[in-house]
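This report refers to the structure that appears directly beneath it.
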Amino acid sequence: YDAFGELPAADDNASGVAGLIELAALLGKASLPLRVELVAYTLEEPKTIDGDGLFRTVGGSAVHAEFLKERGVQVRLMLSLEMIGYFSNAEGSQGYPSRIFRLFYPSPGNFLMVVGRLQDGVLARQVKKAMRSASPLPVYSLNAPASLEGIDWSDHYSYWKRDYPALMITDTALNRNREYHKAGDTADRLDFTRMAMVVQGVYAAVLQSAEDGSKESTVSEAAKYFSPDYITARTRFRQAVEKAGGRYYAIPLDAKGPANGDLTIDVGWIGSDHPKWVLLHSSGLHGVEGFAGSAIQFDLPDSVPKLPEETALVFAHVLNPYGMAWLRRFNENNVDLNRNFIGDGKYSGAPEAYPKLDWFLNPQRPPSSDFFLLKAGWLIVRYGYNALKQAIAGGQYEYPRGLFFGGKQLQPGPVKYQEFLAQRLSSAEQIAAIDVHTGLGSYGEDTLLVEQRNYIAAREVFGERVAPLSPENSPAYQTSGSIDTMLPRVFPKAKISFVCQEFGTYSAVKVLHALREENRWHHYGAGTPDHPTTQKLKEAFSPNDVSWKRSVLARGQELFHQAVELLLSEQEQMNGEAKSLEPRARR
Ligand SMILES: [Zn+2]
């Protein structure tokens, strides 16, 4: 195949084609995370018909690489099996284009060479490493300037020319095989044992590269959704809403972010201005938890179906922007906003055991190592895990610098958000709400927390992920002043269903420890967001881990789409019933 003239061409290049066929047999049985193409290129020989120019313009690899480039296909790696069949154990059998190579490479021609340009160094070493691990065949790599003679004498040239990463796998051709491009390049001079090792090596390198490539693309994919900070998240959200043809409203807050940056609750709006049917999706009520919710919201506006009349999808992006910007769970007044929506204005009291736990939860000193785990363990034994959880996290209104402080009045952000909803959604008759949180439950999995009265119905639709908002049989605890209590007060006539989507991160004890240390830093240290306690808090609520992020995105988007479908199908049903009633009414 692709022989030089009428010559036998066993090493150049029947050996490469044989390797390709063997690779096909191996790869055909493997499960590959990326697309792998095996291609036999014609017209690689420069002087087949009319010299050098042919290969570089209409050779198989030139046509193929151009085809890929035109379509914007990303190529992670191209491997060119140049010649892979000729080996010799004799001293001095290996020739080199320059004597300097003898310092670095062996004298017998018993090895294989991976060749790349200077900028392909990392890839070449990865391929070399994978090949070495797969067989005892010695493999070396060479990264040289593209100007070195011979370095671009094969199909990888076409990929280099189009800025694709490519490497040549070679037995070094004319530097070793004296019958190169001669009548003596016959099959009996090939070393089939070592050729098989080359194939095993290339096979391992392809698997490795495909796996690395799929990981990298997931990393960048997840990074696209998970913003590094509040400002980036907000910018992306606004752009996404605009791209989807929606409107957004920025509700300004007096509190400021780092570098005196402005803070807003952003509301994206798709569909009717005076909707009867509403899906309300909110994020970041707990500040630092907003990285997950914001990532989920990132492309929801652009992924919704065409909506019927009188329907709106409303996205509330980061309800506690101060917390997300400063990497705190609480707001500018140290208030836990999911304990702040108190209906009767009674902002007082605390769970019975909270005063007895104050010394443990809120030491009035900067962060230090003080046997937290030991104390926590002792308290769990003494009070019981669920009772302790309830006492700590249920919400308190007496310790303004303590954890889970619900405030002494409705906070500025919630006041404005509530006003906004009351005004803009006054026509709403049916509201389905999803509020996204993190830090509770199993790592990377979500729990859908619903009120007891909706538990059975929600479980029928969403399955075992559903848990009631009560501490005995769920990872949650009963809280006072949580946001779900606000909606029925603002919309007393509407039918409301509320889901708190909680994504698990680390153990409750670890999350509590992170909250406690960061709170000490905030009140009794410098409170700057670059401190390890702050970074640990971010990790506790938004793990920097691709698999966690992927799971959050998948489950978050899925729940939203399920809720949209549910809302639309209910709507259809009700409209259908209304229509079937009409004729009777006329009669
Ligand atoms: Zn939360």
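Per the numbering used here: the sequence shown = residues 51 to 637. All C-beta atoms in this analysis are idealised placements derived from N, C-alpha and C, irrespective of residue type, glycine included. Just so it is clear, the structure is predicted and the values come from calculations on it, not from any experiment.
Taking 7 Å as the line, does the beta carbon of Y339 fall inside it for any heavy atom of ligand 1? Checking the sequence shown, residue 339 turns out to be Glu, not Tyr. E339: yes, Cβ under 7 Å from ligand 1.
Closest by C-alpha distance to T529, when choosing among D386, L475, V602, K466: D386
Buried or exposed, going by whether 16 or more other CB atoms sit within 10 Å of the CB of A75? exposed
Hey, could you find the ends of the alpha helix (DSSP H) V641 is sitting in? What the structure shows of the chain is the stretch from 51 to 637, and residue 641 is not part of that stretch, so it cannot be assessed.
Check the C-beta distance from A290 over to F348 and give it rounded, since I have them as a contact under 8 Å. 6 Å
Does ligand 1 have a heavy atom nearer than 7 Å to the CB of N388? yes
Assign K545 to one of two classes, buried (16 or more other C-beta atoms within 10 Å of its C-beta) or exposed (fewer than that). exposed
Residue range of the unbroken alpha helix (DSSP H) whose run includes T243: T243 -> alpha helix (DSSP H) spans 242-275.
Just how far apart, CA to CA, sit N370 and H611? 25 Å
What is the residue span of the beta strand (DSSP E) that Q480 lies within? 480-493
Could you name the residues of the same chain whose beta carbon sits closer than 6 Å to that of I99, not counting the 5 residues immediately before and after it, in chain order? Confidence at I99 is low in this model, with a pLDDT of 49, below 50, so the placement of that residue should be treated as unreliable; the coordinate-derived value is given next. Answer for I99: no residue qualifies.
Give me the Cβ distance between L84 and S264, rounded to the nearest whole Å; I'm assuming they're in contact under 8 Å. 5 Å
Could you check if L76 belongs to the surroundings of ligand 1, using beta carbon to heavy atom distance under 7 Å? no
If you draw a straight line from the C-alpha of Q621 to the C-alpha of W327, how long is it? 8 Å
Take the Cβ of K178 as the centre, count every other Cβ of all protein chains shown within 10 Å, and call the residue buried at 16 or more, exposed below. buried
Nonlocal neighbours in the same chain, by C-beta distance under 8 Å from L57, ignoring five residues either side: H231, K232, A233, D235
Measure from the alpha carbon of F541 to the alpha carbon of each residue in L329, S477, V596, L499, then state which is nearest. S477
Looking at the secondary structure, which residues open and close the alpha helix (DSSP H) in which I320 lies? Note, I320: premise wrong, no alpha helix (DSSP H); beta strand (DSSP E) at 312-321.
Under three-state DSSP, which class holds T98? Interpretation of T98 is limited by its pLDDT of 48, a score under 50 that renders its predicted location unreliable; no figure is taken from the coordinates.
Reference W203, options Q169, N569, S130, V269, closest by Cα: Distance from the Cα of W203 is smallest, within the candidate group Q169, N569, S130, V269, for S130.
Take M163 as the anchor and find which of S191, P156, L187 has the nearest alpha-carbon. S191
For K356, which beta-bridge partners are listed by DSSP? The partner list for K356 (beta bridge, DSSP) is empty, contrary to what the question assumes.
Mind checking whether the beta-carbon of G456 lies closer than 7 Å to any heavy atom of ligand 1? no
Hey, would you say the C-beta of L499 is under 7 Å away from at least one heavy atom of ligand 1? no
Residue ranges of each alpha helix (DSSP H) within the segment 106-179, 4 or longer: 110-120
Quick check on DSSP: helix, strand or coil for W327? strand
Using DSSP bridges, identify the partner residues of S418. In the DSSP output, where bridge partners are listed per residue, S418 has none listed.
Within 7 Å: the Cβ of H114 and any heavy atom of ligand 1? no
Inspect the beta-carbon positions of S333 and T361 and report whether they are closer than 8 Å. Their beta carbons are not under 8 Å apart, which means S333 does not touch T361 by this criterion.
If I measure Cβ to Cβ from A53 and keep anything under 6 Å in the same chain, skipping five residues before and after, which residues do I get? A59
With burial defined as no fewer than 16 other Cβ atoms inside 10 Å of the residue's Cβ, what is the status of P195: buried or exposed? exposed
Which residues in the same chain as G491 place their Cβ atom closer than 8 Å to its Cβ, once the five residues preceding and following it in sequence are excluded? Once the five neighbours on either side are set aside, the close Cβ partners of G491 are T497, P525, E552, F553, G554.
DSSP three-state assignment for E199, whether helix, strand or coil: coil
Quick test of the definition: if touching needs 3 or more C-beta pairs under 8 Å, does the segment 567-577 touch the segment 456-472? The segment 567-577, when compared against the segment 456-472, does not touch it at the 8 Å Cβ threshold.
Between N227 and Y146, is the Cβ-Cβ spacing less than 8 Å? no
Going straight from the alpha carbon of D62 to that of A80, what length do you get? 28 Å
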